[in-house]
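See structure below.
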Amino acid sequence: MPEGDTVYAAATRLRAALDGERLVYTQFRVPSLATADLSGRTVTSVRSVGKHLLIDVSGPDDHPENGAVSIHSHLKMEGAWHVHPLGRRWRRPGFQARVVLRTDRREAVGFDLGVLEVLTDPDSALSYLGPDLLAVDWDRAEAIHRIESVPDEKIGIALLDQRLVAGIGNVYRSEICFLRGVLPTRAVRDVEVGAAVDLSRRLLWSNRERTARTTTGQTAANARMWVYGRRGQWCRKCGTPIERGDLGPIGEDRVIYFCPHCQT
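Numbering of the sequence shown is given in UniProt numbering, commencing with residue 1 and proceeding in unit increments.
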C-alpha cells in the first residue's frame with residue numbers, strides 16, 4: 001500500500017534515472033493532458049512530499065528558466081512508477097500506463113496513477129500539506145502543533161489527515177497506535193502527541209529504502225507487522241486476537257487493525 005516511504009523510494013529510483021537528463025519523448029495518457037509534450041526539456045529534480053511525487057522539468061530550450069513545470073502524481077491505491085532501460089518489456093499492461101517519459105537511455109512509466117497533472121506552481125498547490133515525515137528539514141514542532149490543534153479528533157483519524165502531518169497511511173496508523181498502546185478512537189487530547197510523532201518519523205525513516213516494509217524489525221513475510229492485516233491472529237505481545245474495524249471521516253471509512261487488550 002503506497003504511503004510516504006513507498007513514494008520516497010519511487011522518487012529515489014526516478015531521480016537516479018531522470019535527474020539532469022533531457023526528455024526525448026513524453027506521452028500523457030489522460031484526457032486532460034492529451035496534448036501535453038515536454039520532450040526536449042530537462043528534468044531538474046525529482047522529489048517526494050508526503051504521498052505526492054514531483055518531477056520538476058525545465059522550460060523550453062530557448063528559455064529554460066521560464067515555463068518550468070512539475071509532473072505531479074499520487075499513487076492512490078494501485079499506482080506505481082517503473083524505471084527500466086529503453087526497449088525492455090513493461091511489467092504491466094499498456095492500458096494501465098498513464099504517462100511515459102524517455103531519455104536517451106531509460107524509460108519511466110507511471111501506471112494506474114490516481115492523480116496525474118502538470119503544475120506550474122507545485123509548492124503552492126501542495127502548501128496545504130502538513131510537515132513531511134521524510135523531509136530532511138522535518139519540522140517536528142509544527143507537526144505536533146497541528147495535531148494538537150484538533151484535541152477532540154480521534155488519533156487514528158488525525159494521523160491519517162495529510163493536512164496535519166504528511167506520509168502516514170492505513171498501515172502506519174494501525175502500527176503507530178498499537179506501538180503507543182492507544183486505541184485509534186482515543187481523542188488526541190488524551191495522547192502523548194510528541195511521542196506518536198517521533199515514532200511516526202522513525203518508522204517511515206527506517207523503511208524509506210526497504211523493499212519490504214516492517215514495523216517489528218523482522219523481515220519474514222508473516223512477521224513484519226504487529227497488527228495490520230492480522231485480523232483474528234494472536235497479538236504478538238499478549239495473545240489476544242487482533243480485531244479489525246473501520247475508522248475515517250464520514251463517507252470515507254478506512255480499515256483499522258488493533259489489539260483490544262494492549263490498546264486502551
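For glycine and all other residues, C-beta sits at the position ideal for the given N, C-alpha and C.
Query                                                                                                                                             : Result
DSSP on Val49, reduced to helix/strand/coil?                                                                                                      : strand
Let me check understanding here. Comparing Cα to Cα, which of Asn222, Glu148, Ala221 lies closest to Asp190?                                      : Glu148
Just to confirm, is the Cβ distance from Leu119 to Ala125 under 8 Å?                                                                              : yes
Relative to the C-alpha of Val136, which residue among Arg202, Thr185, Arg186, Arg13 is closest?                                                  : Arg202
Which same chain residues end up closer than 6 Å to Cys238 when comparing Cβ atoms and leaving out the 5 residues on each side of it in sequence? : His261, Cys262
CB-CB under 6 Å to Arg254, same chain, minus the five flanking residues each way: which ones, in chain order?                                     : Asn170, Gly248
Indicate the three-state DSSP secondary structure (helix, strand or coil) for Gly194 in the structure shown.                                      : helix
Taking just the CA atoms, how far does Ser200 sit from Gly50?                                                                                     : 12 Å
From this set, Ser58, Ile155, Thr216, which residue's C-alpha is nearest Val193's C-alpha?                                                        : Ile155
Give the straight-line distance between the Cα atoms of Arg47 and Val227, rounded to the nearest whole angstrom.                                  : 31 Å
Out of Tyr25, Phe178, Asp61, state which residue places its alpha-carbon closest to the alpha-carbon of Cys235.                                   : Phe178
Going by CA-CA distance only, name the one from Ala212, Ile256, Trp90, Arg208 that's closest to Ile176.                                           : Ile256
Could you say which of Glu107, Tyr128, Trp81 lies nearest to Arg22 if we only look at CA atoms?                                                   : Glu107
For Thr264, does the count of other Cβ atoms within 10 angstroms reach 16, so buried, or fall short, so exposed?                                  : exposed
Report yes if the CB atom of Ser45 is closer than 8 Å to the CB atom of Asp19, and no otherwise.                                                  : yes
Quickly, what does DSSP pair Pro85 with across the bridge? List them, please.                                                                     : Arg106
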